[in-house]
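To keep things clear, I will list the structure first and then write my remarks on it.
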Amino acid sequence: MVRVPWTPRGVLGATEMKRKFRNPIRVNNQTLCQAFQGTTQPPSWRYPICQLGVNNTDPDVGIGFENIDFMVWMKVAALPKFRKLYRILNREVDMFSNGLPKGTYQLIIDYNYPVDMYSGDKSFLISSENWVGPRNLFLPVIYLVVGTFLLLVTILFILIWLKQRLSRVHPT
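The opening residue of the sequence shown carries number 32 in the numbering used here; numbering runs sequentially from there.
Written out as structure tokens, the structure is:
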């Protein structure tokens, strides 16, 4: 079995990672778990926040509040149906330089959060992104609706202007 080389690099912007999510300041050589002592975690969490990312083999994942998976999970979604980017395929590995080859893959999910309490669902999607980001039809549809509305208003104003202009030129 070949392991797919996913990377967390590029999943979030540098500003989000550096400014929004910081672990507590540790004093007197205290551990991260000691720094989080006295905080409360959500009821369905299996692990304390200080242990998020500890067992991950990729050092770019981070631990605690600086864990990339935690940051993506905490990212607010603008719409009720949304997608959140988990990883990016590392194309520096020869076998994956042209993308993910056709085949059967096994996905192992270790840490999950219940969604039935708010009638939600989860799915896993492998997709490709282009220069404008992931596929999202919300903005193009809104742009078309607003653009069409503005075009109709413009035509209406032109007709009103022409009617007033013609009534001044040819008074009846």
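Where is the CB? At the ideal position from N, CA and C, for every residue including glycine.
- Query: Excluding sequence positions up to five away, which residues of its chain have a Cβ less than 6 Å from the Cβ of residue 116?
  - Reply: Numbered from its first residue, the sequence shown carries residue 116 at position 85. Taken in chain order, the residues that qualify are 42.
- Message: What does the Cβ neighbour count give for residue 64, buried or exposed, with the cut at 16 atoms within 10 Å?
- Response: For this step, residue 64 is matched to residue 33 along the sequence shown. Answer is exposed; the Cβ neighbour count stays below 16.
- Query: Is the region 145-162 touching the region 56-63 in the sense that three or more CB pairs, one from each, lie closer than 8 Å?
  - Reply: no
- Residues near residue 79 by beta carbon distance below 8 Å, same chain, minus five either side: Mapped onto the sequence shown, residue 79 falls at position 48. Within the same chain, residue 79 has close Cβ partners 64, 67, 72.
- What is the DSSP secondary structure of residue 70, reduced to helix, strand or coil? For the purposes of this step, residue 70 is taken as the residue at position 39 of the sequence shown. If DSSP states are grouped into helix, strand and coil, residue 70 belongs with coil.
- Query: If you follow the alpha helix (DSSP H) that residue 100 is part of, which residue opens it and which one closes it?
  - Reply: Locating residue 100 in the sequence shown gives position 69, counting from the first residue. It spans 99-105 - the alpha helix (DSSP H) in which residue 100 sits, taken as one unbroken run.
- Is residue 76 helix, strand or coil by DSSP? Against the sequence shown, residue 76 aligns to sequence position 45. Here residue 76 sits in coil by DSSP.
- Task: Just the C-alpha distance for residue 135 and residue 186, rounded to the nearest angstrom, thanks.
- Result: For the purposes of this step, residue 135 is taken as residue 104 along the sequence shown, with counting starting at 1. For the purposes of this step, residue 186 is taken as residue 155 along the sequence shown, with counting starting at 1. Distance between the alpha carbons of residue 135 and residue 186: 55 Å.
- Task: Taking residue 109 as the reference, give the member of 170, 84, 156, 194 with the closest Cα.
- Result: In the sequence shown, residue 109 corresponds to position 78, counting from 1. Residue 109 has its Cα closest to that of 170, out of 170, 84, 156, 194.
- Task: For residue 38, write down the residues that DSSP places opposite it in a beta bridge.
- Result: Position 7 of the sequence shown, counted from the start, is the residue given in the question as residue 38. Looking at the DSSP assignment, residue 38 forms a beta bridge with 119.
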